[in-house]
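Comments concern the structure below.
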Amino acid sequence: SRYSRSNSINREWIDQYLNEAHSYGLTSVRAHFNVMAWSDDTEELKHIKNDVGSQLASMECVPRHNTIDCPTLYWAAMPGNAADFPAEESFHTFIEQAVCLFTEETNYRSSLSPFGIKMVD
8 SRYSRSNSIN
18 REWIDQYLNE
28 AHSYGLTSVR
38 AHFNVMAWSD
48 DTEELKHIKN
58 DVGSQLASME
68 CVPRHNTIDC
78 PTLYWAAMPG
88 NAADFPAEES
98 FHTFIEQAVC
108 LFTEETNYRS
118 SLSPFGIKMV
128 D
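Numbered according to our numbering, the sequence shown spans residues 8 to 128.
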């Protein structure tokens, strides 16, 4: 494995990442983001899935549609269960880029209720 081409390429990427962090004084964080989209119509859901994947790809992000690990992610998303979140589901990035993708959940604007619950840690 020490002669593997992919190892040397990954080493170069890690060195670039660390050099950038050191040169610009950037803070490294582990991040994970979900995009939740839904529809009652199966055809519309396929269209939404394609649109979301295309938009992520335009930002050079590789979308991954969770299927097998959904219960684990659901459980880890509950307040107090962050320790159950699988480390392999996160990635290293700088805090400035991570904040760009961070959005707070809120109540719907179409809701008639004056009360809303913020669903973010």
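Even for Gly, the Cβ is constructed at its ideal location relative to N, Cα and C.
- Counting only runs of 4+ residues, the alpha helix (DSSP H) found wholly inside the region 46–112 occupies 49–65, 77–83 and 102–108, in chain order.
- Listed in chain order, the non-local C-beta contacts of F40 below 7 Å within the same chain comprise L108, local neighbours out to five positions each way being set aside.
- The criterion of a C-beta distance shorter than 8 Å is satisfied by F92 and A83.
- Our two residues, S35 and G87, have alpha carbons roughly 23 Å apart in a direct line.
- Judged by their CB atoms, R18 and F98 are not nearer to each other than the 8 Å cut-off.
- Per DSSP, the continuous alpha helix (DSSP H) segment holding A28 begins and ends at R12 to Y31.
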